[in-house]
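The opening position of the sequence shown corresponds to residue 1 in my numbering, with each subsequent residue numbered one higher.
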Amino acid sequence: MIAAAGWIAALVAVLWLLRLRSVLGRRAELVARACHELRRPVTVARLGVELASRDGELRPDALRAVDLELASAGVALEDLSAAVTGREGPWRPGAVDVPALLGESVEAFRPLAHARGVHLALHWRGERRVLHADRIRLAQATGNLIANAIEHGEGPVELRGGADEDGRLEISVADGGPGLPARVDDLAGRRPGRGRGRGLAIAAEVAARHGGRLVAASDDEGSRVKLSLPLR
């Protein structure tokens, strides 16, 4: 009986330690994601202000782009504050004018693209679309895809958007490179901290939380990473 009780106590201790490890690992990853999402918009906003100061003025579209990135940094700070308890910051869904948001994203990343010698453009097809989504979280997803294409892709980078024949909204980032080194699910789910894994994981989670998915494809024209979201 004593031996059996000892084995049970040991098993409970092991299970408790495994649970504690899982909880701490989850919190550490939430902190790392929040820091990742804080660094990028701060860097992008700073480059935007620096470029505007050289040009002599901050245009209204550039000002809106900087405001978008500062809002993204604010959400990252909320996530960082919540991460210590193992939670995320709040999500705020509402009506999002998708072409307008994509335009602001492209304008926000134009200084980074300019610094890397990359041409960045936006192509929207069809009529304007309004999506029920968290505007800043969606900007985080597209921002990660644009940043990855600028930093790891080749040639011009184009942000494309529009509705497909199935009534889904497609937002894709295309460049002339060979594509991702592995399947998007593998990159998003692997041990973070190297390459594009964490940014893709964030984009994939944003897509999933909106009832969509993140997919990637490559062909003779280059690489594409696409957010496919239901229009509701």
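The beta carbon of each residue, even a glycine, is placed where N, CA and C say it ideally should be.
As assigned by DSSP and simplified to three states, the class of His132: His132 falls in the strand class under three-state DSSP.
Rounded straight-line distance, which links the Cα of Glu170 to that of Asp164: The straight-line gap from Cα to Cα measures roughly 7 Å.
Exposure of Arg59, with buried meaning 16 or more beta-carbon neighbours within 10 Å: Exposed, because fewer than 16 other Cβ atoms sit within 10 Å of the Cβ of Arg59.
DSSP-derived helix/strand/coil call for Gly103: The answer is helix: DSSP assigns Gly103 an H, G or I state.
Bridge partners - Arg213, DSSP secondary structure assignment: Residue pairing by DSSP puts Arg213 in a beta bridge opposite Ser228.
Check: Glu158 C-beta below 7 Å from any heavy atom of the ligand MN: Of ligands this structure carries none, so the ligand MN is not represented either.
DSSP beta-bridge partners of Arg160: Arg160 is bridged by DSSP to His123 and Ser172.
C-beta contact flag for Glu158 and Ala174 at 8 Å: Closer than 8 Å, so yes.
Assigned exposure category for Glu50 - 16 Cβ within 10 Å defines buried: Burial state of Glu50 is exposed, judged by a 10 Å Cβ sphere holding fewer than 16 other Cβ atoms.
Cβ pair Glu78, Gly89 closer than 8 Å: The Cβ atoms of Glu78 and Gly89 lie closer than 8 Å to each other.
From Leu70, Arg33 and Gly161, residue whose alpha carbon lies closest to that of Pro99: Ranked by Cα distance from Pro99, the options Leu70, Arg33 and Gly161 are led by Gly161.
Beta-carbon gap between Leu231 and Leu102 smaller than 8 Å: Contact flag unset, no.
As assigned by DSSP and simplified to three states, the class of Val96: Strand, per DSSP.
Assumed close pair Gly222, Gly176 - CB separation to whole angstroms, cut-off 8 Å: The Cβ separation is near 4 Å, so the contact holds.
Nearest-angstrom Cα separation, counted from Ser172 out to Leu233: Outside the shown range of the chain, which is 1 to 232, sits residue 233, and nothing can be said about it.
Neighbourhood of Val121 by C-beta, 6 Å cutoff - its chain only, sequence neighbours within 5 removed: First, the residue type needs correcting, since residue 121 is Ala and not Val in the sequence shown. Hits under 6 Å: Glu158.
Coil, strand or helix - Gly48 by DSSP: Helix.
DSSP three-state assignment for Gly74, whether helix, strand or coil: In the displayed model, Gly74 falls within a helix according to three-state DSSP.
Three-state secondary structure assigned by DSSP to Gly143: Gly143: helix per DSSP, three-state reduction.
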